[in-house]
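Sequence order for the protein chains is A and B.
Its first residue numbered 1, the first sequence is counted upward by one per residue in the working numbering.
Its first residue numbered 1, the second sequence is counted upward by one per residue in the working numbering.
Virtual Cβ for every residue (Gly too), placed ideally from N, Cα, C.
Single-structure report; data block below.
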Amino acid sequence: MTETASFQQEFKVKGGDFSRGGEASCEIKNLLRDLGLDPHLVRRAAIACYEAEMNIIMYAWQGRLDLLVTPHRIRIIAEDKGPGIPDIKQAMREGYSTATPEMRELGFGAGMGLANIKKNTDTFRIRSKVGHGTRLELTIKTNGRKA
Amino acid sequence: MNTENRHPLHINAKKCVGCVHCLTSCPTKAIRIKDGKARIISELCIDCGECMRFCPQDAIDSHTTSFSDLNAFKYKVAIPATVLYGQFDNATLPNEILFALRRVGFDSIYELSTICELNTAATEKFLKGHPRPRPFIASTCPVVVRLIQRRYPTLIDLIVPIEPPREIAAKILRANLPRVLKVKPSDIGIIHITPCPAKMVSINYPVSMEKSYLDGAISIRDIYKPVLQALRQSKDEAIMSRLFPETIFSGIGLGTALSGGETRGLKNLRTVAVSGIQDTIRVLNQVEMGMLRDVDLLECMVCPDGCVGGPLAVENRFMAKSRILRLVSHLGERSVVDDSDTNSLFQKNFMSFTHSLKPVKSTPLDADPVRAIQKAKQRNRIIKELPGKDCGACGAPDCRTLADDIIRGLALLTDCPFMMKEKK
C-alpha cells in the first residue's frame, strides 16, 4: 500500500558531540507535536530517538537519524559509522553497558539504552557489523492515536 | 470566554516602539510585532515576565492589584513574599518591614517563612509516601506549572500536588480570621505581596483549586516606595519592633526565596535545583526524554536565582540574595514548625490540590493528519527559502516561526524584507 502523505527529514549526529546531545531528538519531538500526535506517543518516540541519538554520540564516529512520518506510523532509522556491536543479544539486556566512567558521570550508561528503545517502540530491528557500524529501524504506530 | 484579559502582562501601545527585544526574549515565542507594535499571543503566554525584563522602553505593564483596590475590604491582610526582606538595606530587619506594612495601610500582616517551611515538610512527606515515579517536580513556581501544562503535558503527573505557601497561608487565615477578628468573611481581603506577575493569574484563574484563597497580589515595585517612606518615618516604631519582635521567622522557610531553597530543606532526598527560564526548559526536555530518573525532587524556578530575581522586585537580585542568605544563616537550620502540625494538616489533605492539573493542548499544524504532514513539508521548504538571519524585521522572532505563521495563515512570505527585495 502506498502512503498518501509522508514527511521525511534527516538529522545528522556527530560522534562525541555531547554538548549538543539530544538536539535532534528535541527537534523531532517538537515536529511530532506540531503534527498533532498524542503527547504520550510523542514522548515514546522522543525517548527512543534520544537513546538512539546518544548511542551514536557515545560510541560512533558519525551517524544520522532519519525520520519518516505517515498518517499511520512514525519510522526512525538510526544509522552510524562506528565500532558496531559484537554481541547484540548481550547488548539488549537491561543493565548491560560498555559505557566508560566519563559517560557514566554524565548520567549515561545505565545499560538501559537498547532495551529502553525497544520498550518504547512497536517494531525494533537492529543490524550491526563490527568495525563498520550499526543500523536501528524503529516504528511506532499512530493509527487512531491522534490527539 | 475572554482569554485576552487572563494575563497580567500587557503591551503599552503608547510606549512600545516595535523593537525586537521582547520578541526574541520570549521563551514560548508568544510575541509578534504587528503594525509597529508588539502583541502577545494569549494562548502561548506563560506569564514569565521575560519580555518585561528585556523591554528597553518600559512598555510592558503588569496588571497587579493596586492600592485603591484594597479599599474594597474593611479588613486588609498582607502576606508578603519573603523576597521582600531582601529589598531594603542590611540594617532593616524583617520585623521592621512587617511593621512598616502596617503603616502603609494593612490591618494585619502574616509572615510567610513558617508556611514555606511547612510546605517543604509536606513535600518531604509526599515524596516519602510516593517512591515512584521520579523525578517529582515542585509546584511552587506558577510559571513552571503553566509551562508543563502547555509544553510538557506528559509530565503533569510529576508535579507535586501540594499548594504553594501563599495559598496554604491564605487558606489557614481565611478559615480562622473571621472568628478570631469577629469580622464578616467577605470584609476580609487577603493580599499577597509579590515580585512575580504570574501570581495574579494563579489567583484569578487557579488551575489546582476551585477558587484562590487570596484576593489579589500587589507588586513589590508598587509597594516599595510607601514602605520605604514608612520605614523612614517610624524610627521609634522600628526600635520597638526590634525590642519586641512579634514574629518568629524560619530560616528554612526564608531560604525558599532563592533557587535551591526548597531542596535545601529536604534532608536525605536527592534533589536538583534549576533557575532561569532557558535552563528550566532544558532540564524539562531532559525529563521528558526519560532522564533524571534518579532524582527525587526537581525544583525549577523560571526567574534567575529564584523568586529574588522576579521581574517585579526592586532591588537587584544579587543584593537581595546576599541579604536573604545573611538572614538565613543568622536564623540557622532550626525548625520552627511543629511536626505534629505538619502531620495533622498533611493527613487531612489540607495542603493538597483539590483539582487535578489538565494539559493545555497546543494547536497542531492541521487537525487532519494528512494535511498536517503536507503542511510540515511545506514549512520546511519555506524555512529553506528564508534567509535564516532571525532578525525579527518581519514581526516574528525568527525565520522558523515566520515559516510556521505562514503555514498557519497568520503571516505572508512577503513579510520578510529579504524576500521582498528578491521579488523586486
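- Residue pairing of residue 63 of chain A in beta bridges, as defined by DSSP: A/13, A/80.
- Secondary structure in the segment 229-315 of chain B: the beta strand (DSSP E) runs of 3 residues or longer, each lying completely within the stretch, are 271-275, 297-301 in chain order.
- If the five residues before and after residue 284 of chain B are omitted, its C-beta is found closer than 6 Å to the C-beta atoms of 152, all from its own chain and listed in chain order.
- Of all residues in the segment 113-128 of chain A, only 116, 120 come within less than 9 Å of chain B when Cβ atoms are compared, listed by chain position.
- Residue 168 of chain B is positioned such that its CB atom lies no closer than 7 Å to that of residue 257 of chain B.
- Between residue 241 of chain B and residue 95 of chain B the beta-carbon gap is near 5 Å, inside 8 Å, which marks them as a contact.
- Closer than 9 Å at the C-beta level to chain A, one finds these residues of the segment 364-387 of chain B: 364, 365, 366, 367, 368, 369, 370, 371, 372, 373, 374, 375, 376, 377, 379, 380.
- Scanning the segment 4-60 of chain B for uninterrupted alpha helix (DSSP H) segments of 4 residues or longer gives 21-25, 50-54, listed from N- to C-terminal end.
- Here the C-alpha atom of residue 87 of chain A lies approximately 12 Å from the C-alpha atom of residue 126 of chain A.
- Measuring C-alpha to C-alpha distances from residue 12 of chain B to each of B/237, B/60, B/24 identifies B/60 as the nearest.
- Listed in chain order, the alpha helix (DSSP H) runs fully inside the segment 318-370 of chain B are 339-347, counting runs of at least 4 residues.
- Taking 7 Å as the threshold, the shortest C-beta distance from residue 43 of chain A to chain B falls below it.
- For residue 182 of chain B, there is no enclosing alpha helix (DSSP H), since its DSSP letter is neither H nor E.
- Looking from the CA of residue 89 of chain B, the closest CA among B/63, B/318, B/278 belongs to B/318.
- When the five nearest sequence neighbours on each side are left out, the beta carbons in the same chain lying within less than 6 Å of the beta carbon of residue 238 of chain B are those of 96, in order along the chain.
- Under the three-pair Cβ rule at 8 Å, the segment 293-312 of chain B counts as touching the segment 122-136 of chain B.
- The C-beta distance from residue 46 of chain A to residue 289 of chain B rounds to 5 Å, short enough to fall under 8 Å.
- Non-local C-beta neighbours of residue 225 of chain B in its own chain, meaning closer than 6 Å and more than five positions away in sequence, are absent.
- Below the 7 Å Cβ cutoff, chain A contributes 33 as neighbours of residue 362 of chain B, in chain order.
- The beta carbon of residue 47 of chain B sits closer than 7 Å to the beta carbons of 7, 8, 9, 143, 146, 197, 198, 201 from its chain, once the five residues preceding and following it are set aside; these are given in chain order.
- Taking a beta-carbon distance threshold of 7 Å, residue 96 of chain A does not count as an interface residue toward chain B.
- The beta carbon of residue 71 of chain A falls within 7 Å of a beta carbon belonging to chain B, placing the residue at that interface.
- Secondary structure at residue 87 of chain B: coil, using DSSP grouped into helix, strand and coil.
- For residue 46 of chain A, the chain B residues whose Cβ falls inside 7 Å of its Cβ are 288, 289, in order along the chain.
- Within the model, the alpha-carbon separation for residue 204 of chain B versus residue 164 of chain B is close to 15 Å.
- One finds 39, 40, 43 in chain A with Cβ atoms closer than 7 Å to the Cβ of residue 154 of chain B, taken in chain order.
- Burial of residue 173 of chain B is indicated by the presence of at least 16 other C-beta atoms within 10 angstroms of its C-beta.
- Taking the Cα positions, residue 56 of chain B is about 21 Å away from residue 302 of chain B.
- Contact holds between the segment 73-84 of chain A and the segment 44-64 of chain A, because three or more Cβ pairs, one in each stretch, are under 8 Å apart.
- A contact between stretches requires three or more CB pairs, one per stretch, nearer than 8 Å, and the segment 338-346 of chain B fails this requirement with the segment 5-21 of chain A.
- The shortest CA-to-CA distance from residue 122 of chain A to any of A/55, A/113, A/5, A/138 is the one to A/138.
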